[in-house]
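Taking it in order: structure first as structure tokens, then the write-up.
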Amino acid sequence: MIEASCHCGAISFAVEIAPDQVNDCNCSICRRYGTLWAYYRPAEVRFAAENGPTDIYQWGDQTLEFHRCRICGCVTHWSAVNPARERMGINARLMAPQVLAAISVRHGDGASR
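Every number in the working numbering is 113 more than the matching position in the sequence shown, counting from 1.
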């Protein structure tokens, strides 16, 4: 079980296995967030029941909701507005450093899209 949380711990989640790869996207929002995205099906990510609410930000075509902790401001994940989309991104930078160190990084070119 891989556990992750924002800086203050108000938002935490877990996945069964670490991703094989994370995406370092260079699009205008991801490079500003400094995230490394690990992709999962929503059913594979278990958010803690006691999590507080998150702030949500949408931009562009507004198909994704970017979530951040309301207390410490850490970007935790993105989810699709359309629930039929079977993919979400979690910020792998919130995982323990030893978990993240074992994962390869793909440098995605979202800026050219």
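Beta carbons are placed, not taken as given, at the ideal position from N, Cα and C, and that holds for glycine.
Open item on the list: Relative to the C-alpha of PRO155, which candidate in ASN195, GLN134 and THR148 has its C-alpha closest?
Closed with: In the sequence shown, counting from the first residue as 1, residue 155 sits at position 42. Nearest of ASN195, GLN134 and THR148 to PRO155, Cα basis: ASN195.
Open item on the list: If distances are taken between C-alpha atoms only, which option among TRP150, CYS187 and ARG159 comes closest to ILE169?
Closed with: Taking the first residue of the sequence shown as position 1, residue 169 is located at position 56. The shortest C-alpha separation from ILE169 is found at CYS187.
- [ ] Go ahead and label MET114 buried or exposed: buried means 16 or more other beta carbons lie within 10 angstroms of its beta carbon, across all protein chains shown.
- [x] As a working mapping, residue 114 is identified with position 1 in the sequence shown. The residue in question, MET114, is exposed, as its Cβ has fewer than 16 Cβ neighbours within 10 Å.
Task: Range of the contiguous alpha helix (DSSP H) that encloses ILE142 - done: As a first step, residue 142 must be located in the sequence shown, where it is residue number 29. Looking at the DSSP string, the run of the alpha helix (DSSP H) that includes ILE142 is 141-146.
Task: Own chain, CB closer than 6 angstroms to GLU199, minus 5 neighbours either side, in chain order - done: For the purposes of this step, residue 199 is identified with residue 86 of the sequence shown, where counting begins at 1. So the qualifying residues of the chain are ARG154.
Open item on the list: Which residue marks the beginning of the beta strand (DSSP E) containing ALA214, and which one marks its end?
Closed with: Numbered from its first residue, the sequence shown carries residue 214 at position 101. Segment 210-214 is the alpha helix (DSSP H) holding ALA214; no beta strand (DSSP E) there.
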